[in-house]
Amino acid sequence: MGGESYRVQEIMEAEFAGWTADKVSAASAMTVTVYTGRCTLAWLRVLTGAITVIPKDNATALFDEVTSAADLNLSFCPLKVGTSIKLTFSGAGTVWVIHRARV
Numbered sequence: 010m011g012g013e014s015y016r017v018q019e020i021m022e023a024e025f026a027g028w029t030a031d032k033v034s035a036a037s038a039m040t041v042t043v044y045t046g047r048c049t050l051a052w053l054r055v056l057t058g059a060i061t062v063i064p065k066d067n068a069t070a071l072f073d074e075v076t077s078a079a080d081l082n083l084s085f086c087p088l089k090v091g092t093s094i095k096l097t098f099s100g101a102g103t104v105w106v107i108h109r110a111r112v
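Its first residue numbered 10, the sequence shown is counted upward by one per residue in my numbering.
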């Protein structure tokens with residue numbers, strides 16, 4: 010399973026050259042920091058079916074809840090994040106996030 014996850018990451022980073030693909034997990038309902046600093050968010054995919062995830066710029070929600078039913082695909086117009094990318098999970102689960110640093 011670990012090799013499969015690595016291959017998915019390789020494919021995502023190839024599709025989004027210059028971007029970083031991170032697989033982020035939460036053990037329970039919690040907020041997880043994905044990246045600290047100015048950055049750009051291109052894509053969020055929730056892998057766990059029974060949870061919702063709210064992407065935030067530090068404490069400010071960027072969008073409503075995202076579920077496994079639909080990706081948050083901003084690749085056509087990436088979203089600038091001023092402070093940090095944080096994800097608030099409603100329960101235990103995993104997501105893929107594609108982002109990159111801004112200067």
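Just so you know, even glycine gets a beta-carbon here, dropped at the ideal spot from N, CA and C. Computed from a prediction, not measured in an experiment: that's the story for all the values here.
Give the straight-line distance between the Cα atoms of residue 80 and residue 45, rounded to the nearest whole angstrom.
22 Å
Between residue 56 and residue 29, what straight-line distance do the alpha-carbon atoms span, to the nearest angstrom?
Here the C-alpha atom of residue 56 lies approximately 18 Å from the C-alpha atom of residue 29.
Per DSSP, which one or two residues make a beta bridge with residue 40?
97
Run through the DSSP bridge pairs and tell me what residue 77 is partnered with.
Answer is none; residue 77 lacks a bridge partner.
Since residue 54 and residue 89 are thought to touch, with beta carbons under 8 Å apart, how far apart are those beta carbons, to the nearest angstrom?
About 20 Å separates the two Cβ atoms, so there is no contact after all.
Going by DSSP, name the residue or residues bridged to residue 58.
Listed as beta-bridge partners of residue 58 by DSSP are no residues whatsoever.
For residue 16, name the three-state secondary structure that DSSP assigns.
helix
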